[in-house]
Each structure stands twice: as C-alpha cells, then as structure tokens.
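Residue numbers (my numbering): 12 to 397.
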C-alpha cells in the first residue's frame with residue numbers, strides 16, 4: 012500500500028512548476044500524491060509531463076484576492092487537511108506526510124500535523140515576509156511575521172530555493188534550511204519550432220522576458236521604456252502573467268511601440284520553450300530594493316540556460332554567481348531605460364555572444380532538475396525516516 016503525501020499550495024497548481032516537480036519526485040519515492048490548490052477563475056489544466064497518478068483538488072475561497080481570500084483559503088484548507096488526516100491516518104492507517112509550500116499554507120498544515128502527529132515538510136519559495144507587496148502594509152506584514160515566528164522555529168527543518176535565503180532563515184530561526192534550487196525540468200521537445208511557425212519576425216533581435224510573476228519592482232516597466240531607444244531591428248517579447256501586465260499593455264500603447272513590444276499570455280512550459288529558444292537574449296532585471304528580490308534566483312534563469320540563450324540580469328548575488336561562473340552574459344548597473352537599451356544593444360553585438368551560447372551547454376550539464384531531484388529526495392528521506 013502506497014504512502015500518502017498531501018501537498019498544499021495557494022497558487023495555480025497547473026502552472027506552479029516547483030510543485031509539479033516535487034509531486035513527481037515524491038511519486039518516484041513511492042508516495043501517492045494529492046495536491047490541494049486554489050480555485051482560480053481561469054484555472055487551465057496544461058498537459059503536464061509531471062503528473063501520472065496525482066489527484067488535484069481546487070479549494071474555492073470565494074474571493075479572488077485580499078485578506079478574505081487568504082482567510083477563507085486557510086480555513087477551507089484546514090478542513091480539507093483534517094479530512095485527509097482522518098481518511099488516511101486514522102481510518103486506513105496509511106502513513107501520511109504534509110508538504111506545505113510557502114507561508115500562506117503553513118498555519119493549517121502545522122495545526123493539523125500537530126493534532127494527528129503527521130510529519131510536516133515546509134518549502135519556502137521566497138522570503139515571503141519581505142515581498143514588496145507587504146512592505147507598505149505594516150499590519151498585513153505583522154500577521155505573516157507572527158505566523159512565521161511562531162511556527163518555523165518549531166520545525167525540525169525546512170527547504171528553500173537558494174543558499175542566500177537558506178542562510179537568512181537559518182540565522183533568524185536557528186533551524187536547518189536545505190537548498191533545492193528552482194531548476195526547470197528539461198522540456199520534452201523533439202525539434203524546436205522555427206520563428207516562422209511561431210509567427211515571430213525572422214529578421215529581428217528578440218529580447219524575451221518570461222514568468223508568472225511579472226510584478227512591481229521587477230524592471231518590466233523600465234524594460235518596455237527602453238525599447239524607445241532601440242531601433243526597429245529589436246523586438247521585446249513578454250510572455251507570462253503578473254500584477255503589472257495591464258500597465259505594460261497601456262504603456263506600449265502610450266509610447267506607440269506596438270511594433271517593438273509584444274505581450275503573450277502564460278503558456279505550458281514545453282510550448283514556452285519554443286519561444287525562448289528562438290530569442291536572442293533572456294532578461295531578468297529584478298530590483299534589489301527588498302530582501303526577497305535581492306536574494307532571488309528566478310526559475311527563468313534556468314529556462315534561459317536550457318534554451319541556450321545568453322542572459323542580461325541585474326546584479327543580484329545568486330544570479331550574478333551563476334552568470335559569472337559560467338560566463339553567460341552581461342549585467343545592468345541601474346534601471347534607467349536608456350542604460351538598459353545600451354546593455355541590450357551591446358550584448359547582442361558583443362564579441363563573446365557566441366561563447367555565451369556555447370557556455371550554456373556546459374551549464375545545463377550541471378544545473379538540471381535530475382541532479383536537483385536527487386538532492387530533494389535525499390533531504391526528504393533523511394527527515395521522513397527519522
């Protein structure tokens with residue numbers, strides 16, 4: 012009889028690649044996985060290479076955002092986790108573990124895990140209490156800080172996405188935080204589609220910014236403004252979603268640069284890979300004006316490497332370490348749009364451009380999910396078997 016793992020996440024299950032990869036690893040370890048996620052208005056089930064025998068339940072908190080969304084989601088999650096604890100641990104005696112993704116699912120997981128003596132794994136995808144959305148909302152931030160301070164020191168261990176964040180958490184809460192980087196699984200693509208097949212111009216330098224969190228302070232606004240200073244031989248392709256997408260669309264209209272900036276909705280990873288692989292340069296220019304972004308290591312960095320395109324990034328320590336170690340591209344020094352445009356132009360015509368592309372192949376050999384998955388399994392086995 013299989014052991015059971017209940018994974019909780021407040022994001023859209025089908026597009027949260029870290030959650031999907033975690034479920035995949037746990038299934039390989041012999042767990043029957045159930046993922047509890049949030050019902051989003053336009054939940055779109057992308058075909059996934061990760062799920063084979065996983066069950067997904069969407070919790071509908073009735074509110075789309077704000078304090079009531081978080082409140083209702085956590086209350087409903089509490090009841091759902093209690094149901095699974097009773098069903099699997101009490102009535103069937105099957106071994107069960109809880110896997111909480113990020114601080115916004117931790118409280119109900121902790122309560123039910125304590126009530127039923129269920130092992131709890133906490134996976135922090137970011138410095139949740141330091142996200143820019145909370146920095147001007149002192150009361151909301153204080154609530155999350157209180158939850159974190161109460162629960163995290165009581166955990167045996169936790170997982171996070173890079174060494175900088177692990178060290179920050181470990182220093183603050185005096186428990187070990189293990190690093191499992193947010194590295195994409197290599198896409199299952201037999202042949203890369205051509206620009207013509209994708210409807211992309213064949214005679215332009217394509218600059219790509221991708222991600223599901225294109226939000227405030229990630230440099231997207233300045234990047235769009237930078238396109239004013241580049242010739243018509245450049246095209247900025249923005250693929251994904253986030254808080255500033257509508258603002259970017261309006262900005263493109265106001266600046267009358269529709270021929271230089273295209274925006275596309277988020278898409279499955281395998282489909283996105285075709286667009287990324289046809290790009291000239293990949294962009295990641297988060298601003299270091301909050302701890303969460305300062306210590307970030309976005310998933311798109313690994314996606315660019317896997318698509319074998321050079322990278323332009325802001326100087327954030329975790330990203331800078333990778334780009335300098337493997338010699339993969341250039342950095343911006345500040346976020347003035349004209350400076351960003353200059354770095355884009357310089358990168359595309361740089362004498363080392365071909366070398367940067369070649370170096371991505373070496374980087375992929377070392378930075379891949381198959382190696383990272385071994386690390387995740389090792390951490391989980393060490394904890395679950397104690």
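Idealized CB from N, CA, C, for every residue including glycine.
Nearest to residue i (by Cα), restricted to the options the options
{"i": "residue 199", "options": "169, 92, 304 and 280", "result": "280"}
{"i": "residue 389", "options": "362, 39 and 267", "result": "39"}
{"i": "residue 334", "options": "345, 321, 346 and 344", "result": "321"}
{"i": "residue 362", "options": "344, 340 and 352", "result": "340"}
{"i": "residue 374", "options": "318, 80, 306 and 236", "result": "318"}
{"i": "residue 252", "options": "172, 283 and 236", "result": "283"}
{"i": "residue 193", "options": "186, 170 and 207", "result": "170"}
{"i": "residue 276", "options": "376, 259 and 264", "result": "259"}
{"i": "residue 367", "options": "162, 291, 344 and 19", "result": "291"}
{"i": "residue 13", "options": "37, 41 and 136", "result": "41"}
{"i": "residue 24", "options": "337, 49 and 190", "result": "49"}
{"i": "residue 310", "options": "230, 242, 104 and 173", "result": "173"}
{"i": "residue 184", "options": "157, 207, 209 and 197", "result": "157"}
{"i": "residue 186", "options": "359, 159, 241 and 360", "result": "159"}
{"i": "residue 81", "options": "97, 100, 65 and 114", "result": "114"}
{"i": "residue 358", "options": "324, 384 and 182", "result": "324"}
{"i": "residue 328", "options": "346, 314 and 296", "result": "296"}
{"i": "residue 112", "options": "265, 105 and 88", "result": "88"}
{"i": "residue 217", "options": "153, 294, 134 and 151", "result": "294"}
{"i": "residue 226", "options": "219, 211, 143 and 244", "result": "143"}
{"i": "residue 387", "options": "272, 133, 98 and 245", "result": "133"}
{"i": "residue 249", "options": "265, 153 and 230", "result": "230"}
{"i": "residue 163", "options": "51, 190, 135 and 145", "result": "135"}
{"i": "residue 394", "options": "65, 90 and 131", "result": "131"}
{"i": "residue 408", "options": "337, 308 and 285", "result": "Because the chain here runs from 12 to 397, residue 408 falls outside it and cannot be looked at."}
For residue i, the residue or residues it bridges with in DSSP
{"i": "residue 275", "result": "250"}
{"i": "residue 169", "result": "188"}
{"i": "residue 68", "result": "47"}
{"i": "residue 15", "result": "43 and 107"}
{"i": "residue 294", "result": "323"}
Assumed close pair residue i, residue j - CB separation to whole angstroms, cut-off 8 Å
{"i": "residue 221", "j": "residue 147", "result": "Rounded, the Cβ-Cβ distance is 27 Å, inconsistent with contact."}
{"i": "residue 289", "j": "residue 228", "result": "Contact doesn't hold; Cβ gap of about 28 Å is too wide."}
{"i": "residue 129", "j": "residue 109", "result": "6 Å"}
{"i": "residue 68", "j": "residue 45", "result": "7 Å"}
{"i": "residue 155", "j": "residue 139", "result": "6 Å"}
{"i": "residue 195", "j": "residue 380", "result": "7 Å"}
{"i": "residue 141", "j": "residue 303", "result": "4 Å"}
{"i": "residue 79", "j": "residue 70", "result": "No, residue 79 and residue 70 are not in contact; Cβ-Cβ is about 14 Å, not under 8 Å."}
Bounding residues of the beta strand (DSSP E) (the contiguous stretch that carries residue i)
{"i": "residue 96", "result": "Counting along the chain, residue 96 falls outside any beta strand (DSSP E), though it belongs to the alpha helix (DSSP H) covering 78-96."}
{"i": "residue 110", "result": "107-112"}
{"i": "residue 47", "result": "42-49"}
Residue span of the alpha helix (DSSP H) that contains residue i, given as start and end
{"i": "residue 36", "result": "28-39"}
{"i": "residue 422", "result": "The structure shown does not extend to residue 422, since the chain is modelled only from 12 through 397, so no value can be given for it."}
{"i": "residue 287", "result": "280-288"}
{"i": "residue 391", "result": "380-395"}
{"i": "residue 304", "result": "302-305"}
{"i": "residue 234", "result": "231-237"}
Local conformation of residue i per DSSP, three classes
{"i": "residue 337", "result": "helix"}
{"i": "residue 131", "result": "strand"}
{"i": "residue 325", "result": "strand"}
{"i": "residue 223", "result": "coil"}
{"i": "residue 346", "result": "coil"}
{"i": "residue 139", "result": "helix"}
{"i": "residue 216", "result": "strand"}
{"i": "residue 57", "result": "Because the pLDDT at residue 57 is just 46, under 50, the model does not fix this residue reliably, and the value given afterwards should be weighed accordingly. Coil."}
{"i": "residue 245", "result": "strand"}
{"i": "residue 62", "result": "Confidence at residue 62 is low in this model, with a pLDDT of 49, below 50, so the placement of that residue should be treated as unreliable; the coordinate-derived value is given next. DSSP places residue 62 in coil when its eight states are reduced to three."}
{"i": "residue 153", "result": "helix"}
{"i": "residue 265", "result": "helix"}
{"i": "residue 73", "result": "coil"}
{"i": "residue 24", "result": "helix"}
{"i": "residue 161", "result": "helix"}
{"i": "residue 201", "result": "coil"}
{"i": "residue 211", "result": "coil"}
{"i": "residue 318", "result": "coil"}
{"i": "residue 358", "result": "helix"}
{"i": "residue 118", "result": "helix"}
{"i": "residue 123", "result": "helix"}
{"i": "residue 195", "result": "coil"}
{"i": "residue 259", "result": "helix"}
{"i": "residue 313", "result": "helix"}
{"i": "residue 270", "result": "coil"}
{"i": "residue 148", "result": "coil"}
Interface flag, residue i vs chain B, CB-CB below 8 Å
{"i": "residue 350", "result": "This model lacks chain B altogether, as it is built from one protein chain only."}
The ligand SAH heavy atom lying under 7 Å from the CB of residue i
{"i": "residue 233", "result": "For the structure depicted, the ligand SAH is absent and the ligand set is empty, with no information on it obtainable."}
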